[in-house]
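Down below is the structure, laid out as structure tokens.
Protein chains: 2
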Amino acid sequence: MSEEKLPARAENFSEWYNQVVQRAELADYAPVRGCMVVRPYGWSLWENIQAALDRRFKATGHVNAAFPLFIPMSFLEKEKEHVEGFSPELAVVTIGGGEKLEEPLVVRPTSETIIGYMYSKWIKSYRDLPVLINQWGNVVRWEMRTRLFLRTLEFYWQEGHTAHATEKEAEEETLRMLNIYTRFAVDDAAVPVIPGRKSNTEKFAGAVRSYTIEAMMGDTRALQAGTSHNLGQNFAQAFDIRYLDVNNQLQYCWTTSWGLSTRFIGAIIMTHGDDQGLVLPPRLAPIQIVIVPIYRNDAEKAQVMPVVERISRELTESNFRVKVDDRTEVTPGFKFNDWEMRGVPLRLEIGPKDVQNNSVMSARRDQPGKEGKKSLSQDQLPGQIAELLTDIQASLFDRALAFRDAHIFDPHDYEELKEIVQNGWAFSWWCGSDECEAKVKEDTKATTRCIPLDQPGGKGTCIVCGKPAEEKVYFARAY
Amino acid sequence: MSEEKLPARAENFSEWYNQVVQRAELADYAPVRGCMVVRPYGWSLWENIQAALDRRFKATGHVNAAFPLFIPMSFLEKEKEHVEGFSPELAVVTIGGGEKLEEPLVVRPTSETIIGYMYSKWIKSYRDLPVLINQWGNVVRWEMRTRLFLRTLEFYWQEGHTAHATEKEAEEETLRMLNIYTRFAVDDAAVPVIPGRKSNTEKFAGAVRSYTIEAMMGDTRALQAGTSHNLGQNFAQAFDIRYLDVNNQLQYCWTTSWGLSTRFIGAIIMTHGDDQGLVLPPRLAPIQIVIVPIYRNDAEKAQVMPVVERISRELTESNFRVKVDDRTEVTPGFKFNDWEMRGVPLRLEIGPKDVQNNSVMSARRDQPGKEGKKSLSQDQLPGQIAELLTDIQASLFDRALAFRDAHIFDPHDYEELKEIVQNGWAFSWWCGSDECEAKVKEDTKATTRCIPLDQPGGKGTCIVCGKPAEEKVYFARAY
Numbered sequence: 058m059s060e061e062k063l064p065a066r067a068e069n070f071s072e073w074y075n076q077v078v079q080r081a082e083l084a085d086y087a088p089v090r091g092c093m094v095v096r097p098y099g100w101s102l103w104e105n106i107q108a109a110l111d112r113r114f115k116a117t118g119h120v121n122a123a124f125p126l127f128i129p130m131s132f133l134e135k136e137k138e139h140v141e142g143f144s145p146e147l148a149v150v151t152i153g154g155g156e157k158l159e160e161p162l163v164v165r166p167t168s169e170t171i172i173g174y175m176y177s178k179w180i181k182s183y184r185d186l187p188v189l190i191n192q193w194g195n196v197v198r199w200e201m202r203t204r205l206f207l208r209t210l211e212f213y214w215q216e217g218h219t220a221h222a223t224e225k226e227a228e229e230e231t232l233r234m235l236n237i238y239t240r241f242a243v244d245d246a247a248v249p250v251i252p253g254r255k256s257n258t259e260k261f262a263g264a265v266r267s268y269t270i271e272a273m274m275g276d277t278r279a280l281q282a283g284t285s286h287n288l289g290q291n292f293a294q295a296f297d298i299r300y301l302d303v304n305n306q307l308q309y310c311w312t313t314s315w316g317l318s319t320r321f322i323g324a325i326i327m328t329h330g331d332d333q334g335l336v337l338p339p340r341l342a343p344i345q346i347v348i349v350p351i352y353r354n355d356a357e358k359a360q361v362m363p364v365v366e367r368i369s370r371e372l373t374e375s376n377f378r379v380k381v382d383d384r385t386e387v388t389p390g391f392k393f394n395d396w397e398m399r400g401v402p403l404r405l406e407i408g409p410k411d412v413q414n415n416s417v418m419s420a421r422r423d424q425p426g427k428e429g430k431k432s433l434s435q436d437q438l439p440g441q442i443a444e445l446l447t448d449i450q451a452s453l454f455d456r457a458l459a460f461r462d463a464h465i466f467d468p469h470d471y472e473e474l475k476e477i478v479q480n481g482w483a484f485s486w487w488c489g490s491d492e493c494e495a496k497v498k499e500d501t502k503a504t505t506r507c508i509p510l511d512q513p514g515g516k517g518t519c520i521v522c523g524k525p526a527e528e529k530v531y532f533a534r535a536y
Numbered sequence: 058m059s060e061e062k063l064p065a066r067a068e069n070f071s072e073w074y075n076q077v078v079q080r081a082e083l084a085d086y087a088p089v090r091g092c093m094v095v096r097p098y099g100w101s102l103w104e105n106i107q108a109a110l111d112r113r114f115k116a117t118g119h120v121n122a123a124f125p126l127f128i129p130m131s132f133l134e135k136e137k138e139h140v141e142g143f144s145p146e147l148a149v150v151t152i153g154g155g156e157k158l159e160e161p162l163v164v165r166p167t168s169e170t171i172i173g174y175m176y177s178k179w180i181k182s183y184r185d186l187p188v189l190i191n192q193w194g195n196v197v198r199w200e201m202r203t204r205l206f207l208r209t210l211e212f213y214w215q216e217g218h219t220a221h222a223t224e225k226e227a228e229e230e231t232l233r234m235l236n237i238y239t240r241f242a243v244d245d246a247a248v249p250v251i252p253g254r255k256s257n258t259e260k261f262a263g264a265v266r267s268y269t270i271e272a273m274m275g276d277t278r279a280l281q282a283g284t285s286h287n288l289g290q291n292f293a294q295a296f297d298i299r300y301l302d303v304n305n306q307l308q309y310c311w312t313t314s315w316g317l318s319t320r321f322i323g324a325i326i327m328t329h330g331d332d333q334g335l336v337l338p339p340r341l342a343p344i345q346i347v348i349v350p351i352y353r354n355d356a357e358k359a360q361v362m363p364v365v366e367r368i369s370r371e372l373t374e375s376n377f378r379v380k381v382d383d384r385t386e387v388t389p390g391f392k393f394n395d396w397e398m399r400g401v402p403l404r405l406e407i408g409p410k411d412v413q414n415n416s417v418m419s420a421r422r423d424q425p426g427k428e429g430k431k432s433l434s435q436d437q438l439p440g441q442i443a444e445l446l447t448d449i450q451a452s453l454f455d456r457a458l459a460f461r462d463a464h465i466f467d468p469h470d471y472e473e474l475k476e477i478v479q480n481g482w483a484f485s486w487w488c489g490s491d492e493c494e495a496k497v498k499e500d501t502k503a504t505t506r507c508i509p510l511d512q513p514g515g516k517g518t519c520i521v522c523g524k525p526a527e528e529k530v531y532f533a534r535a536y
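For the protein sequence lines, the chains are A and B, in the order given. The first sequence maps to residues 58 to 536 in the working numbering. The second sequence maps to residues 58 to 536 in the working numbering.
As structure tokens, this is what we get:
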């Protein structure tokens, strides 16, 4: 599995990515074009992402539910921009139980329409509001160019759908969820992100305003890592989602939707990975600590294994996620490479000398070689391990942040912008026009990533046309 | 919501069921024929079922993964019995991204085929075995007559798929998972079940042997609540799942599959529910304890609410799932009915007298009226509550078991069997022939439910044809 070297990340980032995904056994290609199989190690990572997000959703009053996979084609057509945005990407069921269907069914690409239909049945009065529902599930978009995790025909995600009495509450919810995505990315995944607003051309089909968190990958390209949409009354009008207000007047609701997908796994890989493979943030890693016993013969094995087992038990009881690699058919060196490929944050080696000295040797995944090795006492090990993992989590974030900030530039003119976006992001004043945005895309393949919430203040002139500009925007090539 | 009375369970069980599902807000009809929306309260129940099963799966070495929703039509055709069993029920995608597909894609009705394909890629050597993977997801079967939870076009389930080196290990796994389903049903859901083998005609399409847990619903009809299949080498041969054994010889694997679905929610409703609505077992209930404050004016409210909040906090910190119903627009009586409809196992009422007396009034859902009410001291409340919930859990099981056992009969002759299966189950000797089974079905609509693992021993004569019989079987009308 891990015997051949990976392609160097700096030389062929794309091939490095593909091989890491497969050799770390995160995912594999399915026999259907563009579909993926998420393997147990990858799914375990996704389960940890789910748990971290779900906890945050529930703490802010959201509940989960499940809406159908199939949506009548006519539903999509009720919201004009929505159907225009999604119709080229649909998978359509035309046969059911051996019969041609009267109305074709779309396999959901997203669920605003069918959830809107149900909300119109359920919501009667202001007392029913807000409705704060999330769904964990699979959706299908018929993409032509696909890559494992980043863009697949079927992917896994959560989609939140909320309904509110006022415009203000809907906007607050949209920003609350954007902030939850930001906290999750930063605190759980150690992925620095920039929260901001999408441009008019980049927003969700059917939204009034879309917000995004944008992350910089190891090749400096941008990745949209989660989005939160204020849908205004667009879907409420299309699906007649209305409530009786305190004065007994019928009013349209204000709705939002927000989603984060298995694409985020791609963001983790491309933010933290290195030439040895995957590097996982301790808070999300399926295995936080791998213990490798070291011995040359049965006598040494008999000394070592009881200590390995005691320490494994002790750490498991302290709620760490621990794996003992007790394979006998491969060498310790093979095991080191194997778990480095899989990105396990911390390795513990225990040999006869450690048994004698009441010690264990620790090796940090984020600091390869001697620099990351440190002998620990077996006494009060859980406390020492907790400290190390916290430190690893923080140093992954710091490293990613430093890399990102070193690759964001403020170009002096349009010529400089064109150069910058080949190997970084440009943060520039922009007049806000579709034309200037289109020109940059045409000239460089870079798109507007987001107008960050955090603006420098003041005014400037558009980097493209030189007209007055009120906001700065990030331009970058993106996944 | 809960103002109108439910139809009496004894008079119109079917209509009672439909109303309970909707009025307890477990699920609703979707706009696509035969599909359901699982509402937040129902989904929360399913999440608790998932957690209870997942814990048991992981404790026995299983891991989760995700395989694609779409299966090439040709895959299903590789296993003859499998395709015959499932082809009448398929939903088929024929259009993707606006183009007609060269090969139609089936929306998975179950995943033996696509998982078999992946296993043939992954499994090389005896060292890779056993493979023990489970998947939580949605599947689609084009059913004509549907009912919420019991039979819907799309449903939610888990499907385990394992591969083994030997026939013996595969059979052990099949029975291990049957036992896990049994323990879950009995210990977590308080649903008594009979584990047994399916007859030849009732087994899974493609299995060598199918096992089932069968439960008796409140109208005495049987419900298949979970199944575990020994697939022999059928799928290994169809998909070329082979491994090199210790002697470096290529061998076919032995595979199993096992599943339990949202149908189980139907089993819980129809096992425990009563004329007031749903009754949920405490171990799975989304809300275990509802606290209803009782006051007549602001002065009383000011006395009561701090105690309500303190007790709510105390119970939540002791890991109970607690809800305070502090609605002001409805009366306590309305709230009592509302939470009875939703099956919350325990209600606590706290009024001014309770504040004075350092007490709370508890009311058990399983014992309506005065009989189930008991005043508790506010001191050491979590311990008292834990005891009450344990007692409720046990009494639900005992009641269901007594009901079931009172409706199982051992008919003397075929005429008696025909009567019995109108209002109960017949436990009879059966020669094992398809013909006798078909005759019973034709005459009575009752089918063989299972040949229980627990047999009385000895031999008998077939209740239908009078020929020698080696095993006893349950005949019953079923959902």
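Using N, Cα and C, we set each Cβ at its ideal position, and we do this for glycine too. Nothing here was measured: the structure is a model prediction, and the numbers come from that model.
Looking only at C-alpha atoms, which of A:W311, A:C92, A:L403 and A:R353 sits nearest to Y389 of chain A? Translated into positions along the first sequence, residue 389 of chain A becomes position 332. Reading the sequence as shown, one finds Pro at residue 389 of chain A and not Tyr. Comparing Cα positions, the closest option is A:R353.
Judging by CA-CA distance, which residue of A:T170, A:V95 and A:A264 is the nearest neighbour of R204 of chain A? Walking along the first sequence from the start, residue 204 of chain A turns up at place 147. Per the Cα distances, A:V95.
Flag this pair as yes or no: are the beta carbons of A227 of chain B and A272 of chain B separated by less than 9 Å? Locating residue 227 of chain B in the second sequence gives position 170, where the first residue counts as 1. Locating residue 272 of chain B in the second sequence gives position 215, where the first residue counts as 1. No, they are not a contact pair.
With 16 as the cutoff for other CB atoms within 10 Å, does S537 of chain B come out buried or exposed? The first residue shown for chain B is 58 and the last is 536, placing residue 537 of chain B beyond what the model contains.
L301 of chain B bridges to which residues according to DSSP? Within the second sequence, numbered from 1, the residue matching residue 301 of chain B stands at position 244. According to DSSP, L301 of chain B bridges with B:S182 and B:L307.
Look at V140 of chain B and A262 of chain B and say whether their C-beta atoms are less than 9 Å apart. Mapped onto the second sequence, residue 140 of chain B falls at position 83. Mapped onto the second sequence, residue 262 of chain B falls at position 205. Yes, Cβ-Cβ distance for V140 of chain B and A262 of chain B is below 9 Å.
Against W199 of chain A, what residues of chain B qualify as contacts under a CB-to-CB distance less than 7 Å, listed in chain order? Residue 199 of chain A sits at position 142 when you count from the first residue of the first sequence. G153 and G154, listed in chain order.
In this structure, how does DSSP classify E156 of chain A when only helix, strand and coil are distinguished? The count along the first sequence starts at 1 and reaches residue 156 of chain A at position 99. Three-state result, E156 of chain A: strand.
Pick from A:L280, A:L301, A:G330 and A:D467: whose alpha carbon is nearest that of P425 of chain A? Along the first sequence, read from residue 1 onward, the residue named residue 425 of chain A stands at position 368. Here the closest residue by C-alpha is A:G330.
For H329 of chain B, report the span of its alpha helix (DSSP H) as first-last. In the second sequence, residue 329 of chain B corresponds to position 272, counting from 1. That run of the alpha helix (DSSP H) goes R320 to H329.
Tell me where the beta strand (DSSP E) around Y531 of chain A begins and ends. If you number the first sequence from 1, residue 531 of chain A lands on position 474. Per DSSP, Y531 of chain A belongs to the beta strand (DSSP E) from E528 to A533.
Whose CA, out of B:A295, B:Y74, B:I346 and B:V120, lies closest to the CA of E136 of chain B? Along the second sequence, one-based indexing puts residue 136 of chain B at 79. Selected option, being the one with the closest Cα: B:A295.
Using beta-carbon positions only, say whether T277 of chain A and P252 of chain A come within less than 9 Å of one another. Your numbering for residue 277 of chain A matches position 220 in the first sequence. Your numbering for residue 252 of chain A matches position 195 in the first sequence. Between T277 of chain A and P252 of chain A, the gap from beta carbon to beta carbon reaches 9 Å or more.
Proximity test, Cβ basis, 9 Å: W396 of chain B and chain A: Indexing the second sequence from 1 puts residue 396 of chain B at position 339. Output row for W396 of chain B: interface = no.
List the endpoints of the continuous alpha helix (DSSP H) containing L110 of chain A. For this step, residue 110 of chain A is matched to residue 53 along the first sequence. Per DSSP, L110 of chain A belongs to the alpha helix (DSSP H) from P97 to A116.
Is P350 of chain B near V361 of chain B, with beta carbons less than 9 Å apart? If you number the second sequence from 1, residue 350 of chain B lands on position 293. If you number the second sequence from 1, residue 361 of chain B lands on position 304. It is a contact, given that the beta carbons lie within the stated cut-off.
Between the CA atoms of Y176 of chain A and W214 of chain B - distance to the nearest angstrom: In the second sequence, residue 214 of chain B corresponds to position 157, counting from 1. In the first sequence, residue 176 of chain A corresponds to position 119, counting from 1. So the alpha carbons of these two residues sit roughly 25 Å apart.
Spell out the partners DSSP gives H221 of chain B in its beta bridges. In the second sequence, the residue the question calls residue 221 of chain B occupies position 164. In the DSSP output, where bridge partners are listed per residue, H221 of chain B has B:W311.
Can you find the residues in the same chain that come closer than 6 Å, C-beta to C-beta, to R66 of chain B, ignoring five residues on each side of it along the sequence? What you label residue 66 of chain B is simply residue 9 of the second sequence in a count that begins at 1. For R66 of chain B, where only same-chain residues beyond five positions count, the Cβ hits under 6 Å are W73 and D332.
Select from the stretch 404 to 430 of chain B all residues with a C-beta closer than 8 Å to any C-beta belonging to chain A, and list them in chain order. none
Which stretch, first to last residue, makes up the beta strand (DSSP E) that contains T504 of chain B? Along the second sequence, one-based indexing puts residue 504 of chain B at 447. Per DSSP, T504 of chain B belongs to the beta strand (DSSP E) from T504 to P509.
What are the boundary residues of the beta strand (DSSP E) that includes M273 of chain B? Numbered from 1 along the second sequence, position 216 holds the residue referred to as residue 273 of chain B. Unbroken beta strand (DSSP E) run through M273 of chain B: R266 to M273.
Name the chain B residues whose beta carbon is nearer than 7 Å to that of F124 of chain A? Numbered from 1 along the first sequence, position 67 holds the residue referred to as residue 124 of chain A. Within chain B, the residues near F124 of chain A are V94.
Which two residues bound the contiguous beta strand (DSSP E) that contains I407 of chain B? Along the second sequence, read from residue 1 onward, the residue named residue 407 of chain B stands at position 350. Taken as a continuous stretch (DSSP letters only), the beta strand (DSSP E) holding I407 of chain B covers L403 to I407.
Quick test of the definition: if touching needs 3 or more C-beta pairs under 8 Å, does the stretch 490 to 498 of chain B touch the stretch 517 to 526 of chain B? These segments touch.
In three-state terms, what does DSSP make of W396 of chain B? The residue given as residue 396 of chain B occupies position 339 in the second sequence. DSSP places W396 of chain B in helix when its eight states are reduced to three.
Cβ shell of T151 of chain A (< 7 Å), same chain only, five flanking positions each side left out: Here residue 151 of chain A is taken as the residue at index 94 of the first sequence, counted from 1. Result list for T151 of chain A: K157, L158 and P161, in chain order.
Taking the DSSP output, what are the residues bridged to M201 of chain A? Position 144 of the first sequence holds residue 201 of chain A. In the DSSP output, where bridge partners are listed per residue, M201 of chain A has none listed.
Please report the residue range of the beta strand (DSSP E) in which P129 of chain A lies. For the purposes of this step, residue 129 of chain A is taken as the residue at position 72 of the first sequence. It spans F127 to P129 - the beta strand (DSSP E) in which P129 of chain A sits, taken as one unbroken run.
Determine the chain B residues that contact W315 of chain A at a beta-carbon separation under 9 Å, and present them in chain order. Along the first sequence, read from residue 1 onward, the residue named residue 315 of chain A stands at position 258. Going along chain B, no residue has its Cβ under 9 Å from W315 of chain A, so there is no contact; the nearest lies around 17 Å.
Residue burial classification, S256 of chain B (beta-carbon count within 10 angstroms, cutoff 16): The sequence position of residue 256 of chain B within the second sequence is 199, counting from 1. Label assigned to S256 of chain B: buried.
For G154 of chain B and V149 of chain A, I'd like the C-alpha separation in whole angstroms. Mapped onto the second sequence, residue 154 of chain B falls at position 97. Mapped onto the first sequence, residue 149 of chain A falls at position 92. So the two alpha carbons sit approximately 9 Å from each other.
Please confirm if F127 of chain A has its CB atom under 9 Å from at least one CB of chain B. As a first step, residue 127 of chain A must be located in the first sequence, where it is residue number 70. With 9 Å as the cut-off, F127 of chain A counts as an interface residue toward chain B.
Who are T518 of chain B's beta bridge partners in DSSP? Counting from one through the second sequence, the residue named residue 518 of chain B turns up at place 461. Answer by DSSP bridge pairing, in chain order: B:P525.
Determine whether the Cβ of L63 of chain B lies closer than 9 Å to any Cβ atom of chain A. By 1-based counting over the second sequence, the position of residue 63 of chain B is 6. Output row for L63 of chain B: interface = no.
State the start and end residues of the unbroken alpha helix (DSSP H) segment that holds H139 of chain A. Here the question's residue 139 of chain A lines up with position 82 in the first sequence. Secondary structure note for H139 of chain A: its alpha helix (DSSP H) is the uninterrupted segment K137 to F143.
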